[in-house]
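Per the working numbering, the very first residue in the sequence shown carries number 6; after that it's consecutive.
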Amino acid sequence: MVIKDKILIIEDEKGIRNFMKTVLSANGYDVLEAENGTDGYSMLTSHCPDLVILDLGLPDIDGVSLLKAIREWSSKPVLVVSARTHERDKVEALDLGADDYITKPFGTSELLARLRTAIRHTRISVNKGAMAHRGKCIIGDLTVDFQKYRVFVKGEDVGLTQNEFRIVALLGKYAGKVLTYDFIMKELWGPNVPDDNRILRVNMANIRRKIEENPSEPKFIFTEIGIGYRMVEADE
Ligand code: CA
């Protein structure tokens, strides 16, 4: 018997909830739904879903507070959903431990891709990760070698500086997931790093010059405007 992943959708807009429910059921997920934060939170504790899709704009509790409450006791994957106009909420949610976000309106393939990545990342962290064993992250022509501290494109060492390597390695470790500017800065330069992303942007421009065929149309590392960077999902 195949055990289905159980997804809890906490979303007050009926149309969007139904859309997600239809898509997820058709793709082999078990779906639970709640139309407000209070019901959602109680279903989360009683039904133990594998992943939560959380709308940030709920009628009773705001999604960010709900996420904070969830993260006090659970590291369950949470995918936040919000409108394009609420960029700051998304950043806050990601920094509070949301696994990823999708912006309304979104399509079927985007929803499914984000879900798969979030679920896979939980599994990877549970069994310490295939990548950690291999010591490499491979995305098409790009190889991040964590043991040699080098990045190769088509087998050629691209000659990253130490800081550039640390940025690429961090994104590679979380390939497929968006990392906020703040998260990257704090991971690499410590909790007291000034709130200024300039150093990151300068490094990223250099990284792209070295790894991308066309730095203005990157294939490996995408900018999520106002939020952070995402490296393309690693090959299986
Ligand atoms: Ca809403």
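Where is the CB? At the ideal position from N, CA and C, for every residue including glycine.
Straight-line measurement puts the Cα of H52 at about 31 Å from the Cα of R235. In the structure shown, the three-state DSSP call for G181 is coil. One residue after another in chain order, those with a Cβ under 7 Å from a heavy atom of ligand 1 are E16, D17, E18, D60, G62, L63. Membership of A210 in the alpha helix (DSSP H) is indicated by the continuous run 203-216. Of all alpha-carbon atoms in P223, G112, H126, the one lying nearest the alpha-carbon of V83 is that of H126. The alpha-carbon separation between R213 and A174 amounts to approximately 14 Å. The alpha-carbon of K178 is positioned some 24 Å away from that of E77. Between the alpha carbons of M190 and L205 lies a gap of roughly 8 Å. The three-state reading of DSSP puts G233 in strand, counting E and B together. In the DSSP assignment, A88 falls within the unbroken beta strand (DSSP E) covering 83-88.
Here DSSP, grouped into helix, strand and coil, assigns K19 to helix. Secondary structure of L29 (DSSP, three-state): helix. In the structure shown, V156 falls within a strand segment according to DSSP collapsed to helix, strand and coil. Assignment of K9 by DSSP, reduced to helix, strand and coil, places it in the coil class. With contacts defined as CB atoms closer than 7 Å, L59 and I107 fail to qualify as a contacting pair.
Per DSSP, T43 lies in no beta strand (DSSP E); the unbroken alpha helix (DSSP H) holding it starts and ends at 42-52.
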